[in-house]
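Counting from 54, one number per residue, gives the positions in the sequence shown under our numbering. Contents: one structure, followed by commentary.
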Amino acid sequence: MVRLILRRLASAVLVLLLASIVIFTVISVSGDPLAELRDRQPPVPESVIAAEEARLGLNRPLPLRYLTWLGGVLTGDFGPSTIATRDIGAELGTRVGVTLRLVVLAIVLALVLSLIAGTVSALHQRRWPDLLMTPAAFVLLALPSFWLAVLLKQWGIGLNDLTGYQIFYTVGEASVPRPEGILPLAGDIAGHLVLPTIVLALVHFATWSRYQRAAVAEGLAGDHVRFAVLKGLSRRRIVRSYVVRPALIPIVTIVALDLPVVFSGAVITETVFQWRGMGGFLLESIALRDTNAVLAWLLIAATAVVVFNLLADILYGLVDPRVRYAKS
54 MVRLILRRLA SAVLVLLLAS IVIFTVISVS GDPLAELRDR QPPVPESVIA AEEARLGLNR
114 PLPLRYLTWL GGVLTGDFGP STIATRDIGA ELGTRVGVTL RLVVLAIVLA LVLSLIAGTV
174 SALHQRRWPD LLMTPAAFVL LALPSFWLAV LLKQWGIGLN DLTGYQIFYT VGEASVPRPE
234 GILPLAGDIA GHLVLPTIVL ALVHFATWSR YQRAAVAEGL AGDHVRFAVL KGLSRRRIVR
294 SYVVRPALIP IVTIVALDLP VVFSGAVITE TVFQWRGMGG FLLESIALRD TNAVLAWLLI
354 AATAVVVFNL LADILYGLVD PRVRYAKS
């Protein structure tokens, strides 16, 4: 198991290095970060433009710029912003935590609900649990994520107006000003998480629950299950050990592959609920033509994808002994 983790870790580092090269090259050649400065009327003096090019490192060859940028990233410096007063690293430090608590909580909630709903639906095929969950999943699959976010936000606002109380928080990731004290602050943050987490979780619950249902249904029809029944094992043990556990392998794959989609959904959700997270950071950076800020966002997203895939590989080893004991 340790050798498996070390091999996967080495592969993850290599993939991340290649991803950084691709990301830097594509962003660097995709446009001029000083285009707005060059197009100003009256024209900006050439000396000012040359000074900005030197500050941003645009006057150096692309390979040298990449090596300088990579060295800075390894020390926590994401490079200068097109806005001289903007500290990319400091701003990312606050925004990453905002997005991560939304994404991680949504993934956990969607995964738990998917495992339960998919398993129950497969164990009761063509009966009322299956007839109830299947149409619900297809309805959620058909709903655009931004529309679902707007719908739940308006529903929360309407319920607050109807009752006269602040039952649901619909704007921001925390109240302004923030409550004093650890417990009041934690409760405030948890309250602001409710609606955005439900939106992001429901979008992926619909897909993951169908995969779980298919995997469990396929397991129930397997010869190993028939053999377990003939051995006289209890239904609970058969379902737990011979059906549900093998069915975890495909769902782990789906969750790992869906992580980029989860991040893109988080951008939409944060925009609708006006969170100052990674989604808003990306949109603001694109609007400002801040290439180093966009590079930082893409690198963090790529790192998250690689880390989650590494965790998925480790989970394979825990769930499937064939992976754990496979020879190199």
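In this text, a Cβ means the ideal position worked out from N, Cα and C, and glycines have one as well.
Exercise for review: Return the CA-CA distance between W200 and V149, expressed in angstroms with no decimal places.
Suggested key: The residue given as residue 200 occupies position 147 in the sequence shown. The residue given as residue 149 occupies position 96 in the sequence shown. The straight-line gap from Cα to Cα measures roughly 25 Å.
Check your understanding: Is the segment 268-276 touching the segment 174-184 in the sense that three or more CB pairs, one from each, lie closer than 8 Å?
Key -> yes
Exercise for review: Have a look at I339, A159, I302, D343 and flag the residue whose alpha-carbon is nearest the alpha-carbon of T366.
Suggested key: Here residue 366 refers to the residue found at position 313 when the sequence shown is read from its first residue. The displayed chain sequence assigns Asp, not Thr, to residue 366. Each of I339, A159, I302, D343 was checked against the Cα of D366, and the nearest Cα belongs to I302.
Point to revise | Local conformation of K380 per DSSP, three classes | key: For this step, residue 380 is matched to residue 327 along the sequence shown. With a pLDDT of only 47 at K380, under the threshold of 50, the placement of this residue in the model should not be trusted, and no figure is reported.
Review point. Thinking C-alpha only, which one of I339, A254, P188, R279 is nearest V165?
Key: Position 112 of the sequence shown holds residue 165. Closest by alpha carbon: A254.
Check your understanding: What number of angstroms, rounded off, separates the C-alpha of K206 from the C-alpha of I169?
Key -> Sequence index remark: in the sequence shown, residue 206 carries index 153 (1-based). Sequence index remark: in the sequence shown, residue 169 carries index 116 (1-based). When rounded, the distance between both Cα atoms is 27 Å.
Review point. How long is the line joining the alpha carbons of R293 and L62, rounded to whole angstroms?
Key: As a working note, residue 293 is residue 240 in the sequence shown. As a working note, residue 62 is residue 9 in the sequence shown. Whole-angstrom Cα-Cα distance: 31 Å.
Practice item. State buried or exposed for Y369, treating a residue as buried only when at least 16 other CB atoms are found within 10 Å of its CB. Key: Residue mapping note: residue 369 aligns to position 316 of the sequence shown, counting from 1. Result: buried.
Practice item. Put Y112 into one of helix, strand or coil per three-state DSSP. Key: By 1-based counting over the sequence shown, the position of residue 112 is 59. In the sequence on display, residue 112 carries Asn and not Tyr. If DSSP states are grouped into helix, strand and coil, N112 belongs with coil.
Review point. Quick one: what's got a C-beta closer than 7 Å to V296's C-beta in the same chain, skipping five residues either side?
Key: Along the sequence shown, read from residue 1 onward, the residue named residue 296 stands at position 243. Cβ neighbours of V296 beyond the five flanking positions: V269, G272, L273, V278.
Review point. Is any heavy atom in the ligand ATP found nearer than 7 Å to the beta carbon of L364?
Key: Looking for the ligand ATP in the displayed structure turns up nothing, as the structure carries no ligands at all.
Exercise for review: Would you please state the rounded distance, in angstroms, between the beta carbons of P86 and L109? I believe it to be under 8 Å.
Suggested key: Indexing the sequence shown from 1 puts residue 86 at position 33. Indexing the sequence shown from 1 puts residue 109 at position 56. The pair is a contact, with the Cβ atoms about 7 Å apart (cut-off 8 Å).
Point to revise | Candidates V151, L364, I102, T306: closest to T135 by CA position | key: As a first step, residue 135 is located in the sequence shown; it is residue number 82 there, counting from the start. Measuring from the Cα of T135, the nearest candidate turns out to be I102.
Exercise for review: Spatial neighbours of I74 within its chain, please: CB distance less than 8 Å, with the 5 preceding and 5 following residues excluded, ordered by chain position.
Suggested key: Residue 74 sits at position 21 when you count from the first residue of the sequence shown. Answer for I74: Y119, listed in chain order.
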